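Novice: Protein sequence lines, in the order shown, are assigned to chains A and B.
To convert a position in the first sequence, counted from 1, into the working numbering, add 103.
To convert a position in the second sequence, counted from 1, into the working numbering, add 103.
We put the CB at the ideal spot given by N, CA and C, even for glycine.
It should be emphasised that the depicted structure is a prediction, and the values quoted were computed from it without experimental measurement.
Just passing along the structure, written as structure tokens.
Number of protein chains: 2
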Amino acid sequence: MINKEEYRLKIILTASKIFSHYGFKKTTMDEISRALKKGKSSIYYYFGSKEEIFEAVVLYEANQLRTQLRAAMKEVDSPPDKLRNYIFVRMRAFEKLSNYYNAVFDKNLDHYEFIEKIRSRYDREELAILRLLVFIGNRRGIFEVRDSEYTAMAIQTMLKGMEVPLFWRKREIDINSRLNAILSLIFDGINKRP
Amino acid sequence: MINKEEYRLKIILTASKIFSHYGFKKTTMDEISRALKKGKSSIYYYFGSKEEIFEAVVLYEANQLRTQLRAAMKEVDSPPDKLRNYIFVRMRAFEKLSNYYNAVFDKNLDHYEFIEKIRSRYDREELAILRLLVFIGNRRGIFEVRDSEYTAMAIQTMLKGMEVPLFWRKREIDINSRLNAILSLIFDGINKRP
DNA sequence: ATTACATAGACCAATCGGGTCGGAAATTCG
DNA sequence: CGAATTTCCGACCCGATTGGTCTATGTAAT
Numbered sequence: 104m105i106n107k108e109e110y111r112l113k114i115i116l117t118a119s120k121i122f123s124h125y126g127f128k129k130t131t132m133d134e135i136s137r138a139l140k141k142g143k144s145s146i147y148y149y150f151g152s153k154e155e156i157f158e159a160v161v162l163y164e165a166n167q168l169r170t171q172l173r174a175a176m177k178e179v180d181s182p183p184d185k186l187r188n189y190i191f192v193r194m195r196a197f198e199k200l201s202n203y204y205n206a207v208f209d210k211n212l213d214h215y216e217f218i219e220k221i222r223s224r225y226d227r228e229e230l231a232i233l234r235l236l237v238f239i240g241n242r243r244g245i246f247e248v249r250d251s252e253y254t255a256m257a258i259q260t261m262l263k264g265m266e267v268p269l270f271w272r273k274r275e276i277d278i279n280s281r282l283n284a285i286l287s288l289i290f291d292g293i294n295k296r297p
Numbered sequence: 104m105i106n107k108e109e110y111r112l113k114i115i116l117t118a119s120k121i122f123s124h125y126g127f128k129k130t131t132m133d134e135i136s137r138a139l140k141k142g143k144s145s146i147y148y149y150f151g152s153k154e155e156i157f158e159a160v161v162l163y164e165a166n167q168l169r170t171q172l173r174a175a176m177k178e179v180d181s182p183p184d185k186l187r188n189y190i191f192v193r194m195r196a197f198e199k200l201s202n203y204y205n206a207v208f209d210k211n212l213d214h215y216e217f218i219e220k221i222r223s224r225y226d227r228e229e230l231a232i233l234r235l236l237v238f239i240g241n242r243r244g245i246f247e248v249r250d251s252e253y254t255a256m257a258i259q260t261m262l263k264g265m266e267v268p269l270f271w272r273k274r275e276i277d278i279n280s281r282l283n284a285i286l287s288l289i290f291d292g293i294n295k296r297p
């Protein structure tokens, strides 16, 4: 509480829980302030609006995801393993984020751009990771692709494709099986064939 | 849809899902009707109010619970086992119901009586079951209690006591350990000592 | 055609909820 | 200590939301 920034984080952490449970719209500022044991107007001292809090929460979660991804990739060495881990963690984490997305898309398409704004930054980052991965795998003779850039983009497209049903339908089918299917597809199409 | 009663059930089932997720207050009639793919006003043809739906849902869940309890008790024969199963199932089921309770107590104590009204009916029923259980155990020489009635009431009080933290704090500590503690307490206080 | 059932769109009144404002505490500084 | 600054909040505003109504329309049965 000493530091203003610290308290912002506390708000983010608290709001995150409520948002992930009730979604953006159904979460009230009153609830957040109640959970913080502060007056509602006090929160406006730290954040300009409810949306600003939401944005900070999503940003925070995204950073968390990045950290997890880095760790998961460091865990293994070979490019295929790295890719596998990457996709796994990414999908798992997205289950959580999907709550927020769900909330935003709750009959309120207005916020689409706002989410997209946050995402585009991470899309670029992700693309770089994938590109490097493919490139290295290629150089090591494990993969065999003509253009790392476009292959990375293709993989990313697939990944994005996997997200969609996550926030339209709730766990329609087992995620694992989809995951493995995607993985085997990527690898079978990417692995050097003897 | 042929039968009016059937459609009421469909509404109950649908509303149940939404209520259990968002709670009473945060669930809107619009949502329910949207989930049913019907106009909002159509629902009022089957139910008089949102509260009436909620009441029906809670009633329905309570009946489900009763069925589960019967089954669990039929599973075993000895009174201690029956009691153990009874408490186990009851607590487990209450985790689900707690959502509703949570919702109602959400800074809106007005509805307390309404919930209590539904519960009192089941309280009496529960008491009868417990009384019989204690009585039989007693007669078989497994338990040793003076008054079945009051012992049953005491057990029921304990059970109620276990519910409270369920909807004040979310799973504050592991439920199982509390459960076992309660069970061992009841038995050690009730079992015939040699 | 008439009746009874079933549905929904438009509408209403009340409440809700995000956000503001002025000022009170609390804390820091001089 | 007092003044300045930071932090907090009760009360209020006002547009949006929402539970609920009313009337009109469709439709199946008699």
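Hey, does B/Lys140 have any beta-carbon neighbour from chain A nearer than 8 Å?
Specialist: no
Novice: Taking contact to mean 3 or more Cβ pairs, one atom from each stretch, closer than 8 Å, check whether the segment 152-165 of chain B and the segment 181-195 of chain B are in contact.
Specialist: no
Novice: Would you say B/Glu134 and B/Ile121 are within 8 Å of each other, going by their C-beta atoms?
Specialist: yes
Novice: Of the residues A/Ile245, A/Glu229, A/Val179, A/Val161, which one's Cα is nearest the Cα of A/Met261?
Specialist: A/Glu229
Novice: Do A/Ala196 and A/Ile156 have their beta-carbon atoms positioned less than 8 Å apart in this structure?
Specialist: no
Novice: What whole-angstrom Cβ distance do B/Lys143 and A/Lys129 have, given they're in contact under 8 Å?
Specialist: Contact doesn't hold; Cβ gap of about 18 Å is too wide.
Novice: Quick one: which residues of the segment 118-140 of chain B get their C-beta closer than 7 Å to a C-beta of chain A? List them in chain order.
Specialist: Tyr125, Lys129
Novice: Please classify B/Asn241 as buried or exposed, where buried requires at least 16 neighbouring CB atoms within 10 angstroms.
Specialist: buried
Novice: Under the rule that 16 or more other beta-carbon atoms within 10 Å means buried, what is B/Asn211, buried or exposed?
Specialist: Per-residue confidence for B/Asn211 stands at a pLDDT of 47, beneath the threshold of 50, marking its modelled position as unreliable; no derived number is given.
Novice: Can you name the start and end residues of the alpha helix (DSSP H) that B/Asp133 belongs to?
Specialist: For B/Asp133, the enclosing alpha helix (DSSP H) starts and ends at 132-139.
Novice: Where do the N-terminal and C-terminal ends of the alpha helix (DSSP H) with A/Arg169 fall, by residue?
Specialist: 153-178
Novice: Quick one: measure Cβ to Cβ for A/Arg224 and A/Ala255, integer angstroms, because I've assumed they're closer than 8 Å.
Specialist: Not really, about 17 Å apart at Cβ, beyond 8 Å.
Novice: Comparing C-alpha positions only, which one of B/Gln259, B/Ile289, B/Lys107 sits nearest to B/Ile146?
Specialist: B/Lys107
Novice: Could you check which residue in A/Val179, A/Ser181, A/Val237, A/Met132 has the C-alpha nearest to that of A/Ser251?
Specialist: A/Ser251 has its Cα closest to that of A/Val237, out of A/Val179, A/Ser181, A/Val237, A/Met132.
Novice: Taking its Cβ as the centre, do 16 or more other Cβ atoms sit within 10 Å of A/Tyr253, making it buried, or is it exposed?
Specialist: exposed
Novice: If you draw a straight line from the alpha carbon of B/Ile289 to that of B/Val161, how long is it in whole angstroms?
Specialist: 29 Å
Novice: Using a 10 Å radius around the Cβ and a threshold of 16 neighbouring Cβ atoms, would you call A/Ser152 buried or exposed?
Specialist: exposed
Novice: Alpha carbon to alpha carbon, how far is B/Leu172 from B/Phe191?
Specialist: The alpha-carbon atoms of B/Leu172 and B/Phe191 are separated by roughly 9 Å.
Novice: Find out if the Cβ-Cβ distance for the pair B/Tyr149, B/Arg111 is shorter than 8 Å.
Specialist: yes
Novice: Can you give me the Cβ contacts of B/Leu286 inside the same chain, cut-off strictly under 7 Å, excluding the 5 residues immediately before and after it?
Specialist: Arg187, Ile190.
Novice: Please report how far the alpha carbon of B/Met176 lies from the alpha carbon of B/Thr170, in whole angstroms.
Specialist: 10 Å
Novice: In three-state DSSP terms, what is A/Leu212?
Specialist: Unreliable placement is indicated for A/Leu212, whose pLDDT of 40 sits below 50; the coordinate value is still reported in the next sentence. In this structure, A/Leu212 counts as helix in the three-state DSSP scheme.
Novice: Does the distance from the CB of A/Pro182 to the CB of A/Arg243 come in under 8 Å?
Specialist: yes
Novice: Just how far apart, CA to CA, sit A/Ile258 and A/Phe246?
Specialist: 14 Å
Novice: Report the rounded CA-to-CA distance for B/Phe127 versus B/Glu178, giving the unit in angstroms.
Specialist: 35 Å
Novice: Given B/Leu139, which residues of its chain have a CB within under 6 Å of its CB, disregarding the five upstream and five downstream residues?
Specialist: Thr117
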